[in-house]
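Heads up, the thing below is written out as structure tokens.
2 protein chains.
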Amino acid sequence: MPRFKDPSLTSKPSSKSPRVVDPKNVKRSVDPAALEMIDVVQEQGVETAFDRVKAQQPQCQFGYKGICCRFCMMGPCRIKSDEGPGSRGICGANAWTIVARSVGLMILTGCASHAQHGNHITHTMHMICDGEAPSYEIKDEEKVMKMCGKLGIDTTGKDKVALAREIADKAHEDFTRLKDEGETTWITDMVVEQRNTVYRTQNVMPHGIHAVISDLVTQAHVGMDNDPVNLVFSAVRVGLADLAGKWIATDLSDIIFGTPRPVMSEANMAVLDPSKVNVVLHGHNPLLSEMVIEAARDMEEDAKAVGAAGINLVGICCTGNEVLMRQGIPLCTSFSSQELAIATGSVDAMVVDVQCIMPGLNTVAQCFGTRLITTTDLVKNPGAYHIDFQEAKALDHAKMVVEHGIEAYRERNTRPTHIPNFKEKLVAGWSNEAILDVFKSVNPDNPIRVLNDAILSGELKGVALMCGCCNLKTFQDEAHIEIAKEMLKNDVFVVSTGCHAQACAKAGLMDPDKVDEYCGEGLKSFFKRISANSTLDVGLPPVFHHGSCVDNSRAAELVNYMAEDMGVDTPKIPFVASAPEAMSGKATSIGTWCVTIGFPTHVGTMPPVEGSDLIYSILTQIAGDVFGGYFILEPDIEIAGQKLLDALEYRRWKLAIHRQQAEDKDTQLCQCW
Amino acid sequence: MPRFKDPSLTSKPSSKSPRVVDPKNVKRSVDPAALEMIDVVQEQGVETAFDRVKAQQPQCQFGYKGICCRFCMMGPCRIKSDEGPGSRGICGANAWTIVARSVGLMILTGCASHAQHGNHITHTMHMICDGEAPSYEIKDEEKVMKMCGKLGIDTTGKDKVALAREIADKAHEDFTRLKDEGETTWITDMVVEQRNTVYRTQNVMPHGIHAVISDLVTQAHVGMDNDPVNLVFSAVRVGLADLAGKWIATDLSDIIFGTPRPVMSEANMAVLDPSKVNVVLHGHNPLLSEMVIEAARDMEEDAKAVGAAGINLVGICCTGNEVLMRQGIPLCTSFSSQELAIATGSVDAMVVDVQCIMPGLNTVAQCFGTRLITTTDLVKNPGAYHIDFQEAKALDHAKMVVEHGIEAYRERNTRPTHIPNFKEKLVAGWSNEAILDVFKSVNPDNPIRVLNDAILSGELKGVALMCGCCNLKTFQDEAHIEIAKEMLKNDVFVVSTGCHAQACAKAGLMDPDKVDEYCGEGLKSFFKRISANSTLDVGLPPVFHHGSCVDNSRAAELVNYMAEDMGVDTPKIPFVASAPEAMSGKATSIGTWCVTIGFPTHVGTMPPVEGSDLIYSILTQIAGDVFGGYFILEPDIEIAGQKLLDALEYRRWKLAIHRQQAEDKDTQLCQCW
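Chains as they are written, first to last, in numbering that gives the first Met the number 0: chain A, 0 to 672; chain B, 0 to 672.
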């Protein structure tokens, strides 16, 4: 009899309802810099998201639970009762349909965003290969060769540019393929074969990314799908398309800009330097930000000519993560506090590309003399500067960005700044390639075995991908940090992305000096062991920065490496995911593929699903039967941490038992359980 | 000084607010058959949309006006005030952004639906050409040749199958093309060159249909676009992609099933025959319904074997229009009353494909022994029968549908039926090809000139495309019929599609015997003139049935013929559009391209735009400056009719003046005005 119950059977939410926003409390953060700046903007009467979240209370519970439908002009319709005509929309749509549409809509925006990101990079890689984007290059030949291996591209006699073009061709096909024209390569060639079988059997294998998006959009049209399972599984297909889009983005970004390697840097608002031209890189796609870095290097003297001590680039959101991972650019702050960074008065220019750019930014920017610069026709903001950033003239356009910063610095002159004196040091840059390099010091032939052995031996409890946004329904960073600490204390190897990584960075959880403070005995001994012979010139941090939110694909890659090595399907691996403060559509699409890949997936802020017990149970229970992964929807920090640990412990125990049985029988690890 | 003011300057809504649903009145229809059946279901306690629309009152005004945002998990957010933190979403999104997202979402579902329809037919045409779909054929060689001419396909030495494959290839490209890879062929090759120039200048020319959809989906992600003009113009691009998708659907359907020609039939519930196996064809795509017709012809004896007098096929919604247009299959009823048709107790099977299939159908079907049969994995309904309809085995699968009907008839036995004794005769089948054939009796060389001359001479006031859905915010069919009558009385040539066509059919407005009753003197004289030498064996009806809602592309084609002949851009043509009871996402996407093609476009039920004066004014005013077409958002029937007539009269007057000036100068018609 098992010692632990399968947590998928006990993953019901805690009795505690989601924490209601206290309408009196504007200081919804645990980040000391943010807290200080909230006081500053409150004194100055400058409106930020912290005021707006207060003003929005109380929020509509029909919308919150997903039982409001606005897809046609008969509506809005609400599920008002359990039975009778008020229990359905005017067309007759059930609660489950309306809930599935509500959360499906978020998944759609997430997948489309990652598709746009991946497609943009694919297009640029084609331009590079055709000599049309001279500011860029095919930098990482090793990654080119690795991808050719994964994609089955014959490398004989071809140079890296020719091979990169073939990779880009395959990525291009993944965006354009229509139904009945095949399967998405960045799924089939990336996951273990058992997963492909599951995706085919369950009819969730995506064909092409755009076509799959369009299909789910039409399924939400009036008088289309009313089948809860069919709708959820179509959304799962979109979730897998999301994974493909972002995986393409990661792989191709590594090829163009280099695969990240460990790098020292700093995080939080004190990275702003009032004596320099401060340019904030904000958004998601490295195509722009990498060029701004290059432009800034060329333009130091221009900055000095106007009296600045130089140019200081810092990052926000996932652009911040991209440039931190590859270039060590310091991190300024994360999503919720983006307006507060501007309110320091020290940001001369903020250049943005796509996603999570608060529309409220420009109002604050105009108060503090910051030039907000938009760069794509998918994101504009009235009153902001706009540079139509073209890959063909990338460096020239990046220089225009820096020029704006220098000009704004000149105007800033002696205007007072207020920069909270908080920053933490950190080590970032932990691509899987970088992590495996460390493991190689223990096992040069099969580095992933180092991680697997540590789990099987009980030294580690498993791996947690911690990720996701900030969401002011919670206190900024609180759940991120507390759950991460709980994982570390309990010997979980934590990889972290997105705004979660930024919370950890700001809280010192990526500082190698903090290992003793935060890590359990097993994790400490693991770190000691793997760093004993390592040639790294940096220490290992408690939490490993795995990249931007697009780079959650790295976690998918990691679990596949682990599963391949153990000879099992990915849901057997003690690997969980957690987005304690999920907010965006991207978080919902990421969560969806996390479940399909087999992760018990914690979400700490509620998606709009509580209005249908059926949909709720599909996500939290049935998903586990079908895909191995399932959602843990749990706003309570302590309970969430425990559920994640339970899920890891259960899998680790089961894996160890079966490993033991296999060894007893002197046979290969049994694959039938 | 002009006699008439440009109506775009006076298109503000009437002071009357949208008619509020009277919560006491369940009888929201003017269709006598529907009214009778509402009494029947009320007596029997069977719930239908007429009950649900009551139960939904009052409806949320934030959602109704488009100022509720549910795209991320910080929300739901509402625009609660004109200023202060409550005037924006938590992210800082303005009212205009939230409104643009609200209506943009509807446009997306419409475009995706037409894309799926067009793509399905394209895929089938490829299968036909490859011999993989033997139930279908390339039937209409004349249309193949016409399309090759439009698309610039060299026909030398190629048979119709080879040419059809090339047409399908071009259509396929329109779905898959990514950004920077060209323009949508079914726009560039279909509209007058002046329109293409406008679309390019305004940056709204779509590249590929799916990519354009995906782009707008990402623009609605948190922290993306906050620019009202950029958002609206992106939605316009999706609207044009919608036009391309549906135009492909029409053209390729004509090739596979034949271009419609005038045909006599009947409409309303008395077309159901209790002595026969009644199979209702419901949905939108002829791929399924045409096969069911063929199957039914083969299976008459099977029906007689169980005691039925035969098989009686009837249509609902646009499948009803498709099979009426090409095969003369009688029309049963329209969208709002689809459940009522089942409540007659005489429907043995209802087979559906995509769009406007009320999720409430199956509950009613189970009460009355009707077998509801779904046929695509995009539309399922728990409890319904499901046939996985495959084009490769189309006829076999269609026979399974008819078998269900026969089996259900056997079970029906002597169960009582209640069929309202209302039906009207009609002539349908008015493709542009059929209309031009009639005009040829007057001008064999240039048939479209017949219509243009009638307008320039003042015999006709212009052309109106009347289209769109039913929406129970109004009384079913009332606005459809009243505005159509107003147009006819004032000598407007009315082409009609979708549920508007069905309202007209049920009300006798497509009965040639009713011309004298409804048409003004000019229209009567026009009809008399063009039918004098015609070889038609049917009379001309007051309203011309132009097809399904996908076939609104026929109106786009017609106005382009008129503009080409006059040597002007399409917005100069006295051609208006009206959707008096618009309901679906498709209605919003259709309305959008109607505006871009230059139609003053009336919508009688409000899209969610009233929450932003800025968006409202872009749609109703600025659109006119940019595209020539503009929205007339007007729920009042009388005022709407007058605004449409004013718009026609203004254009006709302007056109005639300039034609006169051109003749005076003995030059070609001046193109610069």
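Where a beta carbon is used, it is the ideal one built from N, C-alpha and C, also for glycine.
Worksheet item: Could one say the Cβ of K472(A) lies closer than 8 Å to chain B's Cβ atoms, at least one of them?
Response: Cβ-Cβ to chain B under 8 Å: yes for K472(A).
Discussion item. One question on the structure: do C110(A) and V203(A) come within less than 8 Å of each other, judged by their Cβ atoms?
Written reply: no
Worksheet entry | Simplified DSSP assignment, three categories, for M138(A) | It should be pointed out that residue 138(A) corresponds to Lys in this sequence rather than to Met. K138(A): coil per DSSP, three-state reduction.
Worksheet item: Since T375(A) is in the beta strand (DSSP E), which residue starts that stretch and which ends it?
Response: Note, T375(A): premise wrong, no beta strand (DSSP E); not H, not E.
Worksheet item: Taking DSSP as the reference, what is the three-state secondary structure of G404(B)?
Response: G404(B) falls in the helix class under three-state DSSP.
Worksheet item: Since V270(A) contacts V322(A) with CB under 8 Å, what's their CB separation in whole angstroms?
Response: About 12 Å; that fails the 8 Å criterion.
Worksheet item: Between A111(A) and chain B, is there a C-beta pair that is closer than 8 Å?
Response: yes
Practice prompt. Measure from the alpha carbon of M605(B) to the alpha carbon of each residue in L464(B), E410(B) and D635(B), then state which is nearest.
Written response: D635(B)
Item to complete: Express the C-alpha separation of R87(B) and A578(A) in angstroms, rounding to a whole number.
Response: Roughly 26 Å between the two C-alpha positions.
Fill in: Residue nearest to I572(A) in terms of C-alpha spacing, selected from G628(A), H403(A), S288(A) and I152(A)
G628(A) is the residue among G628(A), H403(A), S288(A) and I152(A) whose C-alpha sits nearest the C-alpha of I572(A).
Item to complete: Assign V211(B) to one of three DSSP states: helix, strand, or coil.
Response: helix
Worksheet entry | Ordered list of beta strand (DSSP E) runs contained in the segment 520 to 584 of chain B, each at least 3 residues | Whole beta strand (DSSP E) segments, 3+ residues: 542 to 546 and 574 to 578.
Worksheet item: Taking 8 Å as the CB-CB limit, is F174(B) close to chain A?
Response: yes
Discussion item. Rounding to the nearest angstrom, what Cα-Cα distance links S28(B) and Q475(B) in this structure?
Written reply: 4 Å
Discussion item. Report the CB separation of G603(A) from A506(A) in whole angstroms; it is logged as a contact under 8 Å.
Written reply: The Cβ separation is near 16 Å, so there is no contact.
Worksheet item: Does the beta carbon of R651(A) sit closer than 8 Å to a beta carbon anywhere in chain B?
Response: no
Practice prompt. Closer than 7 Å by C-beta to G368(B): which residues in its own chain qualify, once you throw out the five before and the five after it? Chain order, please.
Written response: Setting aside the 5 residues that flank it on each side, G368(B) is surrounded in the same chain by A407, E410, R411 and R414, each with a C-beta closer than 7 Å to its C-beta; the list follows chain order.
Fill in: Inside the segment 20 to 76 of chain B only - alpha helix (DSSP H) runs reaching at least 4 residues
31 to 43, 48 to 54 and 60 to 64
Discussion item. Bridge partners for L230(A) per DSSP, in chain order?
Written reply: Residue pairing of L230(A) in beta bridges, as defined by DSSP: absent, with no partner found.
Worksheet entry | Opening and closing residue of the beta strand (DSSP E) in which M465(B) lies | G461 to M465
Discussion item. Whole angstroms are fine: how far does the CA of C518(B) sit from the CA of L339(B)?
Written reply: Their backbone Cα atoms lie some 32 Å apart in a straight line.
Worksheet item: How close, in whole Å, do the beta carbons of N267(A) and T332(A) come, if the pair is a contact with beta carbons under 8 Å?
Response: 7 Å
Item to complete: Could you check how far apart the C-beta atoms of C468(A) and A581(A) are, in whole angstroms? I think they sit under 8 Å.
Response: 6 Å
Worksheet entry | chain A within 8 Å of P17(B), Cβ atoms only | Confidence at P17(B) is low in this model, with a pLDDT of 46, below 50, so its placement is unreliable and the value that follows should be read with caution. No, no contact with chain A.
Worksheet item: Alpha carbon to alpha carbon, how far is G38(B) from I341(B)?
Response: It should be pointed out that residue 38(B) corresponds to Asp in this sequence rather than to Gly. About 14 Å.
Item to complete: Closer than 8 Å by beta-carbon distance: list the chain A residues that pair up with M582(B), in chain order.
Response: C71, M72, M73 and V221
Worksheet item: How about G88(B): is its C-beta nearer than 8 Å to some C-beta of chain A?
Response: yes
Worksheet entry | Coil, strand or helix - C317(A) by DSSP | helix
Worksheet item: Using 8 Å as the threshold, is the segment 606 to 621 of chain B in touch with the segment 550 to 559 of chain B, meaning 3 or more CB pairs across them?
Response: no
Practice prompt. Could you say if the segment 31 to 45 of chain B and the segment 415 to 433 of chain B meet the contact criterion of at least three C-beta pairs nearer than 8 Å?
Written response: yes
Worksheet item: What whole-angstrom Cβ distance do E180(A) and H206(A) have, given they're in contact under 8 Å?
Response: Taking 8 Å as the upper bound for CB-CB distance, E180(A) and H206(A) are in contact here, some 6 Å apart.
Discussion item. Using beta carbons (cut-off 8 Å, strictly below), is R51(B) in contact with chain A?
Written reply: yes
Worksheet item: Buried or exposed: where does T534(B) fall if 16 or more other Cβ atoms within 10 Å of its Cβ makes it buried?
Response: exposed
Discussion item. Does chain A have any CB closer than 8 Å to the CB of C76(B)?
Written reply: yes
Discussion item. Could you check whether the segment 347 to 360 of chain B touches the segment 277 to 284 of chain B, counting it as contact only if at least three pairs of C-beta atoms, one from each stretch, sit closer than 8 Å?
Written reply: yes
Worksheet item: According to DSSP, is I106(A) helix, strand or coil?
Response: helix
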